[in-house]
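Here's the structure, in structure tokens; my notes come after.
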Amino acid sequence: MKTHAKILSLSFLTAASAAAQDAEKITYEDHIRPLLENKCFSCHSPDKKKGDLDLTSFGALMTGGGGGAIVDAGNSDASRLWTTCAKKEEPFMPPEGAPLNEKELAILSKWINGGLLETKSSVAKKSTKPKVDMAVAVTSGKPEGPIAKPENVLLEPVIVTPRTTAVTAMAASPWTSLVALAGTKQILLYDTDTRQLAGVFPYEEGYARSLRFSRNGSLLIMGGGRGGKMGHAIVWDVKTGKRIVEVGKEFDQVMSADISPDQKMAVIGSPSKKVKVYDTATGEELYVISKHTEWIMGTSFSPDGVLLATADRNGNVMVWEASNGGEFYILGQHKGACTDLAWRGDSNVLASSSADGTISIWEMNEGKQIKNWAAHGGGVQSVSFTPDGKLVSSGNDGLIRLWDINGNKVGEAPSQGDVVTKVTALFDSKSVVSANWRGEIKLWSLEAKMAERGQLSSNPPLIAQRIVEAEKIATTLVAQLPEVEGKVKQTADAVAAAEARLAETKKQSAAAQAAVAALENEIKNLPGQIAAGEKAVTEAQSKRNAQAELLKKHEQSLAEIKTTEAALAKLNADKAALTKPEDAPKVAELTKSIGEQSGKLEALKKAAATPPQALAGFDQAVKAAQDQVAALKAAKPGKEKQLPEQKKALEAWPKKIADNEKQIADAKAAAASAQAQLADQKAQIALYQKLPTVLKAAQFNVGVLSEKEKLAKLEGDINDYTAAKKENEDAKVANAASIESAKKAIAEAVNQIPQHEATLARLKAELEGLEKATEPTRAADAAAAAKLNEHKQMLAAREAEVAALAKTRDEGAAAAKKSAEDIQKVIDPLNKKLVEVAAKLKGPEEQLKAKQANVTLQEGSLAKAKQTAAERTAALPAQEKAVKDAEAALPQLVAAIQSADKTLAEIRRATAGTGSAIKSARQAVAQAEKALNDAKAKNENAQPHEQALTAAQAKQAEAEKQAAESTLKLADAQSEFDARREAREAADKALNAARQTLAKTKNELNAANAAAAQGEKRVAQAKAEVAAAEKAVAPIRGQHDSISKEIAAQKNALAAKQAIPAALEKEFASKAQPLNDAIAQLKAALPPLEKTYADAHGKLVAEVKILDAKKAEIGQSMLALETAKKKKASSEATIAAAEKDTPQRDRNLAEINTELAKMQPQLEPLRTKVKQMEEQYLTMLPK
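With my numbering as the guide, the letters of the sequence shown map in order to residues 157 to 1339.
Put into structure tokens, the structure is as follows:
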């Protein structure tokens, strides 16, 4: 027998229930192998391992096939062996022949749930699949506490391949600098800040097709497997690197998997075209979505956990309620396969990418597509939202592109020259990671021009090689440090030099600005300066002229001095010549003159003692002032010309300053870059100087982890053996108790069996006597029953005859009703057809009526037009005569006006002469009055003057009288002229009115004639339309009339059929009446017969009750006897089973104690070793 150490896995069932102990154990050897041999060995044997599965031995069955394990201890629902045989999961097994029946399925299920026993002495196993409740609360923001990163996990690659291959899966933690990518037989985790390997999660079962971090970043779910063989999803704890959940048991690789934000559900999608959702705590399948028509290529829970998006190879994108799989939206379909799905952080927007080269954006309020654009030629491979709401995509064109939500391209990375299989945005919205067909993993900055900022390896070397490489890199980095530091100093000096250039440029710019300002000020002040200079010239010239006048006066004074001196000399000479006494008056006069001239001379000399300044200085001052004015005037054009040139030159300074500032900015950027490079260099030096220590510790940790696994296995085995020991010991105690209890039960049964047998014999004898006593009662009951039955048969016969008559009636009525219904079925389509024809007829008839009404309308309009024409024709002669009469009267009125005008002119001239006469007469009166007054004043004879005055006054009176008469004549003439003019105007007005009336009448006549002619045409056209309409209506009307006649005929036939039931009823009543009378007589005779039977039967029932009671006593006695016998047999079987099981338990305990004796001494040393190794590992880590 194989040792338990080999058979037992890391975990056993700790105990079996008492019921399980009592029941027969289901084992592979005794039950399952014979069952499978008949159904499965033809395909699953060592010679023909279909699906790489052999079922002919226990070990081979436990190994499983190409899709992994096919049984899970204690969980038949999660075991593919049972689900495929029970037709719960495809492919159904066996594929041909009779399926397993319910009994066989029950045995198979019981074996799996009972712990997969190989033999009856085997210890039951328990499920190897961890069942962990990982549920967490869903939050929209960053989770509380530290974000999960791998700690002390495996860093040694599972395998290092000769070359890299395409990366098929990649994911980034939503909250930290951690990216996971699919490698060969492993999942690699990198810290994107240090670009160092952070963890290795072995996956040797197949190939990863999808990776996703949980919403809080603590878990990593992988979907994958082997094409055509197996598929599943595995969940790792990011911090510890331990597998904690495995769901799915597909027969093909899983193309996509995701875990819900609350971590309660996991979803997988595969080529089965089904989306399956599992409970992560139990592994139970919660629901299946079967609406997709092709391979499932994408599955993704929304960040809030409310929705689940799925996509397939036909391009369909669908959204479901995550809690139950209910349909939420069938969004739409790409023209090519859907390659990826991505949710925006707020769960309101979903992005999908396709092999047709497009990206679609879907909103979740109404399930509509809000954007769709061509993103990559040849197809889009991957799409991902950045945390700030942008989109990054990759495609077959080798490009990575950044988009806003409206599909506007905002960035593009350089081409990678091959298909970019995956791209994912990092948590900070500043970087993305891409993977391509060649296996290259590149980090890109989303800032500036999406520059590459590093690479990761999809095929990292072994730790030993990485240690050597780290040491080399550290040495190289240290050697490069002086150069980098020199570059930092060089860039700092460049910044200082640029700042100095900027200061000098600003200084020169300020000087240039000051010069322009000074020149502007000079130009502004030139007019004033020129005016001041001209004023100075004027003043200088005034001073020179004044000085010249002074010089002239001085010269005049000098000349006068000479003249005075000469006169004085002559006076002195004259005085000297007068020597005679008589000359004394002359001498005195000359003396006086000499005194005067001497005083004058003295005054002149005194005044001329200080000669005035020469004109040369004043001339120079005038010239200087004139030269200054001339210079200012001469300088003005030059300065005015110079100013724009200097201003233009000034415009160049801001650019020079900006250039200098840009040079500073560039220099500072270069300095910052150099400083950043230096900081990065120092950080890299620190990293790579520390990395060998970290890697050596990691290398040592490989052994620590291995020893931990050994310790965990040993502890598990010891716990399982300890549990099995307790189970067997408890079973022995239970066996002993069962034997003792069974012996007591046997003793009791042995005493009870004879008593029960005697009681049974007595009861059977009593029953026989009672049965003989009831025989007369049974005979009376049978006779009464026979007579009653005979009577009832006669009654039934008569009732049957009535029923037959009723049936004939009913069948006839039914046939009539059927015929009526058939007729009605004919009528109903006819009515429907009549309605349809009426509907068809309605339009044409309405059109006909409308056209007939139009004929009436047009004929009325024609009659009205003709009546109008007749009326206007009748009125025309009178109106023409009125115009002629008015035109004939007009010349007389014109002549009368001319005559009156002539008379008026003559009277006006005459009236004008009277005015002159009055004026002359008045002047004559005035002259006469003046002459009279003069004469009176002179006392001359006034009589002639008075006479003259009287004559003048008489002439004045005559002139005024004639003037008054002329004025009256003028007024009369004017009135006559006005009356004739008004008569002319009235005649003109009447003529115009008559002409207008005539014209109007003619126009109306013409219009009426035209309307009549048009009306006749319209009437003719309307009548033609009526004829056409009548022609169109005629066939429809004929059809309508025909259908109406057919309906009337069918209704007559219907009435005839509807009358048949009444006739049949009448016939039935006449034939059924005699029969009903006979039935009434039979029914009247029935109660006495029934009473006789009831009495006889009642007596029999009472006696039978006594018999039944006796039979019940016999039954109870037989049951008691059988129970005692069974109790004795069961107890004997219990004793036999316990006596048989106890030695097996002893053998089990001996084997278990042997194994524990081997393992327990290993436990503490191994624990000590692991603890020491952990302590050593921790001391190896850099502080």
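Where a beta carbon is used, it is the ideal one built from N, C-alpha and C, also for glycine.
If you're wondering where the values come from, they're calculated on a predicted model, not measured in any experiment.
Item                                                                                                                               : Value
Sufficient close CB pairs (3 or more, under 8 Å) joining the stretch 1204-1221 to the stretch 1039-1046                            : no
Residue 241, enclosing alpha helix (DSSP H) - first and last residue                                                               : 236-241
Where residue 182 falls: helix, strand or coil (DSSP)                                                                              : coil
Residue(s) in a DSSP beta bridge with residue 494                                                                                  : 510
Assigned secondary structure, residue 963 (DSSP; H/G/I helix, E/B strand, else coil)                                               : helix
Interface flag, residue 1223 vs chain C, CB-CB below 8 Å                                                                           : Of the protein chains in this structure there is only one, and it is not chain C.
Burial state of residue 816, where buried means 16 or more other Cβ atoms lie within 10 Å                                          : buried
Same chain only: Cβ atoms within 6 Å of residue 616, ignoring 5 sequence neighbours per side                                       : 313, 353
Contact the stretch 361-379 vs the stretch 322-333: 3+ CB pairs below 8 Å                                                          : yes
Contact under 8 Å by Cβ, residue 852 with residue 623                                                                              : yes
Close beta carbons around residue 178, own chain, < 6 Å, minus the five adjacent residues each side                                : Low per-residue confidence applies at residue 178: pLDDT is 40, beneath 50, and the placement is therefore not dependable, though the value from the model is reported in the following sentence. Cβ within range, chain order: n/a, list empty.
DSSP state of residue 172 mapped onto helix, strand, coil                                                                          : Annotation note: pLDDT 35 at residue 172 (below 50); position unreliable, coordinate value reported separately. Correct three-state label for residue 172: coil.
Beta-carbon spacing of residue 1323, residue 847 below 8 Å                                                                         : no
Limits of the alpha helix (DSSP H) - the one that residue 315 falls within                                                         : Here residue 315 belongs to no alpha helix (DSSP H), and DSSP marks it neither H nor E.
Range covered by the alpha helix (DSSP H) that runs through residue 640                                                            : 619-733
Chain-order list of residues whose beta-carbon lies under 7 Å from that of residue 693 (same chain, five-residue window excluded)  : 778, 781, 782, 785
Whether residue 261 touches residue 182 by CB criterion (8 Å)                                                                      : no
For residue 474, the first and last residue of its enclosing beta strand (DSSP E)                                                  : 472-477
Bridge-paired residues (DSSP) for residue 393                                                                                      : 375
Simplified DSSP assignment, three categories, for residue 1324                                                                     : helix
Inter-residue spacing [alpha-carbon to alpha-carbon] between residue 1327 and residue 591                                          : 40 Å
Local conformation of residue 895 per DSSP, three classes                                                                          : helix
Inter-residue Cα distance where the pair is residue 318 and residue 588                                                            : 27 Å
C-beta contact flag for residue 395 and residue 306 at 8 Å                                                                         : yes
Complete runs of the beta strand (DSSP E) confined to the stretch 968-1024 [at least 3 residues]                                   : none
Beta-carbon contacts of residue 1337 that lie in its chain and below 6 Å, excluding the five residues immediately before and after : 853
Euclidean distance between Cα positions of residue 219 and residue 208                                                             : 10 Å
Uninterrupted alpha helix (DSSP H) stretches inside the stretch 732-819 (no shorter than 4 residues)                               : 740-763
Cβ-based burial, residue 883 [other Cβ within 10 Å; buried from 16]                                                                : buried
Neighbourhood of residue 430 by C-beta, 6 Å cutoff - its chain only, sequence neighbours within 5 removed                          : 444, 446
Limits of the beta strand (DSSP E) - the one that residue 264 falls within                                                         : Taken as a continuous stretch (DSSP letters only), residue 264 belongs to no beta strand (DSSP E), being part of the alpha helix (DSSP H) at 258-269.
Minimum C-alpha distance to residue 230 - residue among 267, 324, 216, 1106                                                        : 267
Member of 554, 195, 194, 212 whose CA lies at the smallest distance from the CA of residue 202                                     : 212
Distance between residue 1332 and residue 386 (C-alpha atoms, nearest Å)                                                           : 41 Å
Same chain only: Cβ atoms within 6 Å of residue 940, ignoring 5 sequence neighbours per side                                       : 1248, 1249, 1252
For residue 722, the nearest candidate out of 735, 1135, 757 (CA to CA)                                                            : 757
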